[in-house]
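Numbers 62 to 365, taken from the numbering used here, label the letters of the sequence shown in order.
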Amino acid sequence: MLRRPVMIFTAINSAAYRRDSFVLLSLILVATPLWAREPAESPQERRSACDREFGVRIGNEGKDVIWVPTHDKLTTAMLAAAATTPHDYVIDLGAGDGKIPIAAAKEFGAKALGIEYDSDMVRLAQCYVRAEGLADRVEIRQADIFRTDISEATVVTAYLLPKLNMKLRPMLLALAPGTRVVSNRFKFGQWQPDRTITVEGVANQAYLWYVPARVAGTWRFESETTPGESFRVRFDQRFQKIRARLLAERHRKIGTAKLVGRDMEISLRSSKQTLRLFGRVADEDIQLSGSADGDEVRYVGRRQ
Ligand SMILES: C[S@@+](CC[C@H](N)C(=O)[O-])C[C@H]1O[C@@H](n2cnc3c(N)ncnc32)[C@H](O)[C@@H]1O
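Below you can see the structure in the form of structure tokens.
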């Protein structure tokens, strides 16, 4: 009794059966007249279909701010200023029609997420993402920007309002140091931008910030090149602005002290020379190096 199904199963799996199926399928495809096949639509045609199905007017009521899209050229300039690459994860806060996440993927090869509250906008943006063939790299999520985890972002973009930016600021300052934040038109209160982005013929400016490493406090730097040599520094910090004071030293003091994301520069001035040290703030320490009288000097700083 059991033999019949077993035989059918064996036949279906046989090489001859698979070869015959392949030949049959190929014949069907070849035999299908060209005129009976759908002409391939361009992304632009597919986008127009999205407009017809989900079209939303500029000025559409959003949750906390209406929809006004960032200018095309400024979109590209903002992502370029953030030095966006295929290794980045770009999150647009209040994504509107998804143009920033789409540009991040299409022009810069990044992965991107657009967070948008308004469900009509979300449907339009998702349709544009499919129209562009970017569904594997761009997600448009219906959510409130203030209730979404953005900690994985390496680039954050926004075009909101000053009041909303102020509400967002603590979330942004808590991101990994070095994360780039780009805002069209509006700043984040006293947190001054690291760079202004201007595009000829576009009225709005945009601004770029690097989330600063958190260095406030006292650090002890030990030389890795001259055993036993060390110095202690007290950093006061307001956003990316740092003021550094050498502790318990009479003959040297700090000249420059700069912080951009994780990159730090300080100079130690004595009557004989100025030692310029450059390096990075890692999670546990600060590595600085420079050159004194032609010899490399290296220090590792640890919190005290
Ligand atoms: C000025 S538009 C910017 C659109 C897009 N980022 C751009 O630059 O082209 C702001 C968008 O934020 C959305 N929005 C406002 N408040 C929001 C919130 N709390 N959560 C998510 N999206 C929000 C609005 O619906 C609107 O689409």
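Cβ atoms here follow ideal geometry from the backbone N, Cα and C, with glycine treated the same way.
Heavy atom of ligand 1 within 6 angstroms of residue i beta-carbon
i	result
D152	The amino acid at residue 152 is misidentified as Asp; the sequence shows Ile. No, the beta carbon of I152 sits no closer than 6 angstroms to any heavy atom of ligand 1.
D324	no
G366	Nothing about residue 366 can be reported from this structure: the residues present for the chain run from 62 to 365 only.
E177	yes
T131	yes
Y220	yes
V366	Nothing about residue 366 can be reported from this structure: the residues present for the chain run from 62 to 365 only.
M232	no
W270	no
M227	no
D210	no
M139	no
A267	no
G116	no
V263	no
V216	no
W252	no
A353	no
K248	no
A164	no
K124	yes
I206	yes
A274	no
K160	yes
A171	no
R362	Checking the displayed sequence, the identity of residue 362 turns out to be Gly instead of Arg. Not under cutoff, so the answer is no.
A101	no
A156	yes
W128	yes
Chain D contact for residue i (CB, 7 angstroms cutoff)
i	result
G170	No chain D is present in this structure, which holds just one protein chain.
Whole-angstrom C-beta distance between residue j and residue i, which should lie under 8 angstroms
i	j	result
T136	A164	5 angstroms
G159	G175	5 angstroms
V416	A237	In the structure as shown, the chain starts at 62 and stops at 365, and residue 416 therefore has no counterpart that could be examined.
D255	Q301	7 angstroms
I206	L154	4 angstroms
L140	E177	With a Cβ gap of about 18 angstroms, L140 and E177 do not count as contacting.
V401	V243	One cannot answer for residue 401 here, as it falls past the ends of the chain, which runs 62 to 365.
E310	F292	7 angstroms
R304	K314	Not quite, the Cβ-Cβ distance comes to about 12 angstroms (not below 8 angstroms), so this is no contact.
R246	L269	Their Cβ separation, rounded to whole angstroms, is 13 angstroms, which puts R246 and L269 out of contact at 8 angstroms.
L336	A318	About 13 angstroms separates the two Cβ atoms, so there is no contact after all.
Host beta strand (DSSP E) of residue i (start-end)
i	result
Q177	This sequence places Glu at residue 177; Gln is not what is there. 172-177 is the extent of the beta strand (DSSP E) around E177.
A267	267-271
A318	313-321
A219	216-219
W280	278-284
A264	Unbroken run through A264: none, as it is neither H nor E.
A353	346-353
N245	241-245
I201	199-203
K302	302-308
E290	Run containing E290: none; DSSP gives neither H nor E here.
L195	Unbroken run through L195: none, as it is neither H nor E.
R275	No beta strand (DSSP E) contains R275, which DSSP labels as neither H nor E.
V129	Careful: V129 lies outside any beta strand (DSSP E) and carries neither H nor E.
K337	Note on identity: in this sequence residue 337 is Arg, with Lys being the wrong assignment. Looking at the DSSP string, the run of the beta strand (DSSP E) that includes R337 is 335-342.
S328	324-331
T257	256-258
Range of the contiguous alpha helix (DSSP H) that encloses residue i
i	result
E114	104-115
Q187	180-192
R230	223-234
Proximity test, residue i beta-carbon vs ligand 2 heavy atom, cut-off 6 angstroms
i	result
G239	As far as ligands go, the structure on display features ligand 1 and does not contain ligand 2.
* **Any 3 or more C-beta pairs closer than 8 angstroms across the segment 142-149 and the segment 120-132** => no
* Would you mind listing the beta strand (DSSP E) stretches within the segment 133-168 that are 3+ residues and don't spill past its ends, in chain order? => 150-154
* Contact between the segment 221-236 and the segment 180-194 (3+ Cβ pairs under 8 angstroms) -> no
* Does the segment 337-354 come close enough to the segment 311-327 to have 3 or more Cβ pairs within less than 8 angstroms? -> yes
* Between the segment 180-190 and the segment 107-124, are three or more C-beta pairs nearer than 8 angstroms? -> yes
* Asked: If you pair each beta-carbon of the segment 247-254 with each one of the segment 275-288, do three or more pairs fall below 8 angstroms?
  -> Inter-segment contact for the segment 247-254 and the segment 275-288 is absent: fewer than three beta-carbon pairs are separated by less than 8 angstroms.
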